[in-house]
Each structure stands twice: as C-alpha cells, then as structure tokens.
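Peer 1: In UniProt numbering, the protein residues as written are 1 to 287.
A single structure is presented below for examination.
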Ligand SMILES: CC(C)=CCC/C(C)=C/COP(=O)(O)O
C-alpha cells in the first residue's frame, strides 16, 4: 500500500498548473518546470492516468506558446515576453477593478443628497440649483443672447466661439457616453430636466466637462477681477461635487469629465473662428 506521502506526491505532480508543474524525478526529488520549458516526455507518460492534467500540459505546448517562447525576452525585465504579457493584463485588471470598487463605494457614501430622505436631503434644492447653473440649455440660451446683443466684433467673436464650444462639448460627451455606456449609480433619481437619450449613461459627467471648459474659457477671454476669477473656479468645482452629492455620478465620471472639459478647451483654441471667419460663415449660411 502506498504511504500517504507518496500519494500526496502523485497528486501534486498531476494537478499542478501547466506553467509551474511539480513532478518527482527518479530519485523522488521535486523538479519544477518553467513556463517556457518543454516538459520531459516521461512526464506525459506519468500523467497518462490523469487525462485533464495531460491535456493541460499539452495545451501549454501549443504552437502559440511555442512561438512566444523562443529567444525573445522583454528588454526591461529580462523575462520572456510571453510571461510579461500574461502577467501585466491581470495586474492592470486587478488595479482597475479595485479602483472601480473604491469609486462605487465612495460615490455611494457621498451621495448624501440623492433624495429628500438622504442624510443631507435638505440641501438637495441647493444642489439642484447648482446643477441647473451647469446645464447645457441655460448656457446655450445665455450665450446666444449675448452674441445677439454684442455690439463689438471682439465680443461677437468670443460669444460665437463659446457657442460653438458648447455644441462641440455636447457632441463629444454624447459620443463618449454612447461608447462607454456606464449606467448611472443605482441611488440616482432620474429627475433631471431636458436630457438626451445618452444621458441615461453617466461616463463622463457632461456638467463636469462643461463647467471645466467654460471656466477655462471665461478665465482666458474675460477680464475679471480676482474675486470673480476665484468664484468661476469655485463654481466649476461645485458643479462637479454636486453631481456626486446628488447621486447622479460616480467620482470617476466627474474627475474624467473635468479632465475632458479641460482638454476640450485646447481643442476650442485650435479651432478658434476669427471675426473674418465668422463673417465668411454667415455669408455662406445666408447664401
Ligand atoms: C439638452 C441639452 C442642451 C443638454 C443636456 C445637458 C445634460 C442634462 C447633460 C447631462 O449631464 P450629466 O452627464 O452631468 O448628468
């Protein structure tokens, strides 16, 4: 009758991972195989009684594995490239899922104005007021009105470009939302006014992109006293914060929204339409 130790050894040699399999050699000592080494033929023979383990070992010798296990090594680590590719995605995957888990947990805890019964439900109306201040409609209507009323070419140019920037923002956010399709937090009450169909998705926060882009725009093109500049900056931050407090968004939606809005302003600067260009465009529209 085989001793329990001998039985153990037999089990381990058959059930190990194909990458780092342990097997006993003739002397009863363990041999460990690297991921890229061909297992000795004797090992296949010994695995004969365990078809699953044998299949796993053969799979580790598939042409794809053999192709990767040549002489190529990662220049940074000195490890075989194949191993780096196998390990990195799982590391990034774990890091991303941890970040998302923290994001969901923190955002849920911060959603203190998500409804009237929430712990900070009494300031929900104030948060909704801040929400309206960053909504697309007041910004579009306000900018169109200022463009109509502007009596200088410089004023018209600025308002025209702000209007175009707001349209560009709506388009870009709509595209990213439609591609990413991240659902809004479960504690959100969908009671926002005037939304597009893509606004059932939460990534990125359109309010955050708009507030970051408009804040940069106003700070760059309007001559404002320092207290007003601080106010613009604070308003942008408050719009973002209110999204999480209202339960509309997770933190990452808002943080990415700020980043996207900040970069969108660079795009607006690149596509800037001068007064002359504006007249050309108007001429084109009027025929
Ligand atoms: C109807 C118009 C002109 C704009 C819609 C603005 C809106 C409701 C965006 C959604 O923002 P969040 O992604 O921050 O919830």
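Backbone N, C-alpha and C define an ideal beta-carbon position, used for all residues, glycine too.
#1: Could you give the DSSP three-state label for residue 182: helix, strand or coil?
#2: Could I get the ranges of all uninterrupted alpha helix (DSSP H) runs contained in the stretch 123 to 181, with 4 residues as the minimum, in chain order?
#3: Leaving out five residues on either side along the sequence, give the residues of the same chain with a beta carbon under 7 Å from the beta carbon of residue 233.
#4: Considering only the alpha carbon of each residue, which of 121, 188, 166, 227 lies closest to residue 207?
#5: Assign residue 230 to buried or exposed, taking buried as 16 or more other Cβ atoms, counted over all protein chains shown, within 10 Å of its Cβ.
#6: Would you please state the rounded distance, in angstroms, between the beta carbons of residue 257 and residue 205? I believe it to be under 8 Å.
#7: Should residue 137 be listed as close to ligand 1, given that the test is whether its C-beta is under 7 Å from any heavy atom?
#8: Among the candidates 154, 210, 184, 96, whose CA atom is the shortest distance from the CA of residue 131?
#9: Could you give the residue range of the alpha helix (DSSP H) that holds residue 258?
#10: If I measure Cβ to Cβ from residue 242 and keep anything under 7 Å in the same chain, skipping five residues before and after, which residues do I get?
#11: Which value, in whole angstroms, describes the spacing of the CA atoms of residue 20 and residue 104?
#12: Does the distance from the C-beta atom of residue 238 to that of residue 111 stay below 8 Å?
#13: Give the straight-line distance between the Cα atoms of residue 100 and residue 175, rounded to the nearest whole angstrom.
#14: Exposed or buried, what is residue 158 when buried is set at 16 or more other beta-carbons lying within 10 Å of its beta-carbon?
#15: Please report the distance separating the alpha-carbon of residue 191 from that of residue 287.
#16: List the whole-angstrom C-beta distance separating residue 107 from residue 185, where the pair is believed to meet the contact cut-off of C-beta under 8 Å.
#17: On a Cα-Cα basis, can you pick out the residue from 188, 173, 187 that is closest to residue 181?
#18: Around the C-beta of residue 114, are 16 or more other C-beta atoms found within 10 angstroms, so that it is buried, or is it exposed?
#19: Determine the closest residue to residue 290 out of 151, 262, 240, 149, with distance taken between C-alpha atoms.
#20: Which value, in whole angstroms, describes the spacing of the CA atoms of residue 212 and residue 284?
#21: Which of helix, strand or coil does DSSP assign to residue 67?
#22: Please report the distance separating the alpha-carbon of residue 163 from that of residue 116.
#23: Please list, in chain order, all residues of the same chain as residue 183 whose beta carbon is under 8 Å from its beta carbon, the five residues on each side excluded.
#24: May I ask which residues mark the beginning and end of the alpha helix (DSSP H) holding residue 193?
#25: Between the Cα of residue 124 and the Cα atoms of 247, 253, 147, which residue gives the shortest distance?
#26: With hydrogens ignored, establish whether the beta-carbon of residue 111 is closer than 7 Å to any heavy atom of ligand 1.
#27: Could you check how far apart the C-beta atoms of residue 264 and residue 168 are, in whole angstroms? I think they sit under 8 Å.
Peer 2: Let me spell this out:
#1: On the chain shown, position 182 is the one that residue 182 refers to. The three-state reading of DSSP puts residue 182 in coil, since its state is none of H, G, I, E or B.
#2: 124 to 133, 136 to 149, 153 to 180
#3: For this step, residue 233 is matched to residue 233 along the chain shown. Excluding positions up to five away in sequence, the list reads 215.
#4: One-based indexing of the chain shown puts residue 207 at position 207. Comparing Cα-Cα distances from residue 207 to each of 121, 188, 166, 227, the minimum goes to 166.
#5: Residue numbering aside, residue 230 sits at position 230 when the chain shown is read from its first letter. Exposed, because fewer than 16 other Cβ atoms sit within 10 Å of the Cβ of residue 230.
#6: Indexing the chain shown from 1 puts residue 257 at position 257. Indexing the chain shown from 1 puts residue 205 at position 205. So it is a contact: roughly 4 Å between Cβ atoms.
#7: If you number the chain shown from 1, residue 137 lands on position 137. Because some heavy atom of ligand 1 lies under 7 Å away, the Cβ of residue 137 counts as near it: yes.
#8: Position 131 of the chain shown, counting from 1, holds the residue named residue 131. If we check each option's Cα against that of residue 131, 210 comes out closest.
#9: Within the chain shown, numbered from 1, the residue matching residue 258 stands at position 258. It spans 251 to 270 - the alpha helix (DSSP H) in which residue 258 sits, taken as one unbroken run.
#10: Sequence index remark: in the chain shown, residue 242 carries index 242 (1-based). Within the same chain, residue 242 has close Cβ partners 127, 130, 131.
#11: The residue given as residue 20 occupies position 20 in the chain shown. The residue given as residue 104 occupies position 104 in the chain shown. Because residue 20 sits at a pLDDT of 36, beneath the cut-off of 50, its placement in the model cannot be relied upon, and the point is left open.
#12: Within the chain shown, the letter at position 238 stands for residue 238. Within the chain shown, the letter at position 111 stands for residue 111. The answer is no: Cβ separation not under 8 Å.
#13: For this step, residue 100 is matched to residue 100 along the chain shown. For this step, residue 175 is matched to residue 175 along the chain shown. Answer to the nearest angstrom: the Cα atoms are 22 Å apart.
#14: Position 158 of the chain shown, counted from the first residue, corresponds to residue 158. Classification for residue 158: buried.
#15: As a position in the chain shown, residue 191 is number 191, starting the count at 1. As a position in the chain shown, residue 287 is number 287, starting the count at 1. Rounded to the nearest angstrom, the two C-alpha atoms are 42 Å apart.
#16: Your numbering for residue 107 matches position 107 in the chain shown. Your numbering for residue 185 matches position 185 in the chain shown. That pair is a contact at about 6 Å.
#17: Here residue 181 is taken as the residue at index 181 of the chain shown, counted from 1. When only C-alpha atoms are compared, the closest one is 173.
#18: As a first step, residue 114 is located in the chain shown; it is residue number 114 there, counting from the start. Label assigned to residue 114: buried.
#19: Here the chain covers residues 1 to 287 and nothing more, so residue 290 does not appear.
#20: Taking the first residue of the chain shown as 1, we reach residue 212 at position 212. Taking the first residue of the chain shown as 1, we reach residue 284 at position 284. Spanning the two alpha carbons is a distance of roughly 32 Å.
#21: Translated into the one-based positions of the chain shown, residue 67 becomes position 67. Because residue 67 sits at a pLDDT of 40, beneath the cut-off of 50, its placement in the model cannot be relied upon, and the following sentence gives the value as read from the coordinates. Residue state, collapsed to three classes: helix.
#22: For the purposes of this step, residue 163 is taken as residue 163 along the chain shown, with counting starting at 1. For the purposes of this step, residue 116 is taken as residue 116 along the chain shown, with counting starting at 1. Using only the alpha carbons, I get a separation of about 35 Å.
#23: Your numbering for residue 183 matches position 183 in the chain shown. Closer than 8 Å at Cβ, skipping near neighbours: 200, 201, 202.
#24: Walking along the chain shown from the start, residue 193 turns up at place 193. According to the DSSP assignment, residue 193 belongs to no alpha helix (DSSP H), since it is labelled neither H nor E.
#25: Translated into positions along the chain shown, residue 124 becomes position 124. Among 247, 253, 147, the Cα nearest to that of residue 124 is on 247.
#26: Stepping through the chain shown from its first residue, residue 111 is reached at position 111. Residue 111: no, Cβ never under 7 Å from ligand 1.
#27: Indexing the chain shown from 1 puts residue 264 at position 264. Indexing the chain shown from 1 puts residue 168 at position 168. Right, their Cβ atoms sit about 7 Å apart.
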